Amino acid sequence: MKVFLIYFLTAFFSSPVSTSKVEVINAAQVISAIASDDYLFIENALSQKSIHPNQLFEGKTMLIHAVILDKPEMINLLVRKGAQLSYPCNEGLTPMEYAEKFESIYAQAEIIVITA
1433 MKVFLIYFLT
1443 AFFSSPVSTS
1453 KVEVINAAQV
1463 ISAIASDDYL
1473 FIENALSQKS
1483 IHPNQLFEGK
1493 TMLIHAVILD
1503 KPEMINLLVR
1513 KGAQLSYPCN
1523 EGLTPMEYAE
1533 KFESIYAQAE
1543 IIVITA
């Protein structure tokens, strides 16, 4: 028991302490940032790895939320940062299928340009 305790304390106190703070980001923040064209928030969250480009928020990727909101510039940013146009939501629909479903014409045009 003493050996285990000594080993544990040694490992605990010799472990490097991380000073970097990882911000916890929720779905409402991400969707709000997409809706308000807050590119800086999205870029920072992606670069700090607080969120993943293909992460699901409320069952949909950020790309799909950008499509539903008809935000072509946000779509472009997300694709440049690694979001996949073929990645489906929980229901199996892709961003282009959402663009057609919601008649998001700017989103459809952006997807066509990106895939051309």
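Count along the sequence shown starting at 1, add 1432, and that's the number in our numbering.
Idealized CB from N, CA, C, for every residue including glycine.
All values derive from a computational prediction rather than experimental measurement.
| When you compare each of D1470, A1477 and S1468 to I1457 by their alpha carbons, which one comes out closest? | Within the sequence shown, numbered from 1, the residue matching residue 1457 stands at position 25. I1457 has its Cα closest to that of A1477, out of D1470, A1477 and S1468.
| request: Compute the beta-carbon to beta-carbon distance between I1466 and H1497, rounded to the nearest angstrom, for a pair I have assumed lies under 8 Å. | output: For the purposes of this step, residue 1466 is identified with residue 34 of the sequence shown, where counting begins at 1. For the purposes of this step, residue 1497 is identified with residue 65 of the sequence shown, where counting begins at 1. With 8 Å as the limit, I1466 and H1497 qualify as a contact, their Cβ atoms being about 5 Å apart.
| Where the alpha helix (DSSP H) containing T1547 begins and where it ends | In the sequence shown, residue 1547 corresponds to position 115, counting from 1. Its alpha helix (DSSP H) spans residues I1537 to T1547.
| request: Could you check the C-alpha separation between S1536 and E1475 for me, to the nearest Å? | output: For the purposes of this step, residue 1536 is taken as the residue at position 104 of the sequence shown. For the purposes of this step, residue 1475 is taken as the residue at position 43 of the sequence shown. If you take the alpha carbons of S1536 and E1475, they lie about 23 Å apart.
| query | For the putative contact between V1499 and Y1530, defined by C-beta atoms under 8 Å, what is the C-beta separation to the nearest angstrom? | reply | For the purposes of this step, residue 1499 is taken as residue 67 along the sequence shown, with counting starting at 1. For the purposes of this step, residue 1530 is taken as residue 98 along the sequence shown, with counting starting at 1. At roughly 5 Å, the Cβ-Cβ gap stays under 8 Å, so V1499 and Y1530 are in contact.
| query | Skipping 5 residues on each side, what residues in its chain have a beta carbon closer than 7 Å to that of V1462? | reply | The residue you call residue 1462 lines up with position 30 of the sequence shown. Only I1483, F1489 and M1494 meet the Cβ criterion.
| field | Member of I1507, A1515 and L1525 whose CA lies at the smallest distance from the CA of Y1538 | value | Here residue 1538 corresponds to residue number 106 of the sequence shown, with the count starting at 1. In terms of Cα proximity to Y1538, the closest of I1507, A1515 and L1525 is I1507.
| request: Report the three-state DSSP secondary structure of L1488 (helix, strand or coil). | output: Locating residue 1488 in the sequence shown gives position 56, counting from the first residue. In the three-state scheme derived from DSSP, where H, G and I count as helix and E and B as strand, L1488 is classed as strand.
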